[in-house]
Amino acid sequence: MNADLVVVGSGFFGLTVAERCAEELGLDVVVIDRRHHIGGNAYSEPEPTTGIEVHRYGAHLFHTSNERVWEYVNRFTDFTPYVHRVYTNHGGEVFPMPINLGTINQFFRAAHSPQQARDLVAEQAAELGGREPANLDEKAVQLIGRPLYEAFIREYTAKQWQTDPKDLPMEVISRLPVRYTYDNRYFNDTHEGLPAQGYTAWLERLADHPRITVQLETDFFDASQPVSKGSVVGQVPVVYTGPVDRYFDYAEGALTWRTLDFEEEVLPVGDFQGTPVMNYADADVPYTRIHEFRHFHPERDYPTDRTVIMREFSRFAQASDEPYYPVNTEADRARLLTYRDAARGERGVLFGGRLGTYKYLDMHMAIAAALSMVDNTLAPHFRGERALV
Ligand code: FAD
Ligand code: NA
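Counting along the sequence shown from 1, when you hit position 102 you're at 124 in the numbering used here, and nothing is skipped either side.
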């Protein structure tokens, strides 16, 4: 192997590091990934019978207010003018999300002005009197009042966590945004859109550099592979974007994650739900939401008599499941501090990305963090200004 840098993981973090190091620093970079495809969790592919682009690890919507990231990503793909909106089914009725004036007026069968709605929610939120909330349930009531909480948040949250909200830590909801306008745009960022040719085309362009070699189906911990932890660490600088606890053989115990199960179905109808994402707020429906992928790309020429939907179920991850969202219990946080110390002490290895830092990162955050790692650590090192620690 001839490499100046090894990157473990071909998600947005790893590929951004690889592209910058190859193009800007002129380094030869080897990227490995244990999966059979590049792109990490942003990977997508056409469903074979319809050609409809399906996001394999859950729907991915790109949005950012970071001008540097926006300029950078536009080097590799164009974006459609897609604007994300979400609806929710509660009690057999469909409401706009996040909770806004339209939701409130539909729910209370009213025509409140913004101020009247504020007053109503404030009155309902005063239920606890001056008492401090004792659990997530009470915290939520204090934020938005019991009626809206019980309709739109309680059972949905219980499904996401498979836990009664009374037993969930309050930090799970630090805020519950309520908008006192009819604006139901999901994201507030300056820039938003979907990659015009799909996520995988974007990710492939990021990796398409003469100085970048990608080796798939290569696990960093498989010592029989030419590029493995044992053969590389200490020889070549490494950027590791796999799980930090796995790197240290779970010495401090495993960090806990939630995972998702996806149930995909091709239906013989042109349009199943009329919108990309429908949440299911109630406990009697086992899934949290249904994605209908054709609606992410209304500009495409998709078949008009078939559609692809994906039901999403949420649960705590077992060791063999894909880790999706950090649970972040107190025990997790204590373990993470110890792993961070170990990571700092691991000479020549930098830890990054959502798995390497045990943090939920949106794509634009993963890209921004990768650009910072190149600027602040890798570039100074390879220019001979500073050793890598
Ligand atoms: P990943 O994409 O997870 O890449 C890590 C890579 O490392 C993987 O390919 C993995 O196979 C590889 N790897 C791990 N261990 C090893 C090993 N031992 N050897 C070799 N390779 C290894 N972001 C948004 O901006 N908008 C969204 O709408 C959005 N929706 C999301 C929905 C879901 C369900 C999830 C889970 C995430 C979503 N995200 C979204 C976040 C987005 O997926 C992340 O920002 C992105 O994946 C971060 O990239 P990463 O490179 O850090 O990690
Ligand atoms: Na280190």
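Built from N, CA and C at the ideal position, the CB exists for glycine as well.
7 Å Cβ cutoff met for residue i and residue j
i    : j    : result
L238 : H58  : yes
L37  : F404 : no
Q184 : R337 : yes
Y104 : G215 : yes
V91  : H386 : yes
M192 : K161 : yes
G370 : Y262 : no
V51  : S32  : no
F84  : L228 : no
V39  : V29  : yes
L282 : D267 : no
Y454 : G124 : Residue coverage of the chain in this structure runs from 23 to 411, which leaves residue 454 outside it and unanswerable.
M300 : Y109 : yes
Whole-angstrom C-beta distance between residue j and residue i, which should lie under 8 Å
i    : j    : result
R280 : A365 : Wrong, their Cβ atoms sit about 23 Å apart, outside the cutoff.
I121 : I166 : 7 Å
A401 : F35  : 16 Å between Cβ atoms; not a contact.
Y202 : R140 : 6 Å
E286 : R357 : 34 Å between Cβ atoms; not a contact.
V291 : V330 : Not quite, the Cβ-Cβ distance comes to about 11 Å (not below 8 Å), so this is no contact.
F335 : T310 : 7 Å
G375 : A388 : 6 Å
V194 : L158 : 6 Å
Rounded C-alpha distance that separates residue i from residue j
i    : j    : result
P308 : L190 : 19 Å
G79  : Q219 : According to the sequence displayed, residue 79 carries Tyr and not Gly. Going by the C-alpha atoms only, they are around 18 Å apart.
L372 : R207 : 37 Å
L412 : A303 : As displayed, the chain neither begins before 23 nor continues past 411, which places residue 412 out of reach and without an answer.
Q412 : L225 : Coverage of the chain is limited to positions 23 through 411, which leaves residue 412 absent and any answer about it impossible.
N127 : G114 : 17 Å
H106 : F209 : 7 Å
A44  : T235 : 10 Å
S342 : F315 : 27 Å
A353 : S196 : 19 Å
Exposed unless 16 or more other CB atoms sit within 10 angstroms - verdict on residue i
i    : result
K181 : buried
Y361 : buried
A133 : exposed
V411 : exposed
K188 : exposed
S87  : exposed
E177 : buried
M23  : exposed
A245 : exposed
F12  : One cannot answer for residue 12 here, as it falls past the ends of the chain, which runs 23 to 411.
T326 : exposed
D55  : buried
(message) So if I measure from each beta-carbon to every heavy atom of the ligand NA and keep distances below 6 Å, which residues remain?
(response) A365, R366, E368, V371, L372, V411
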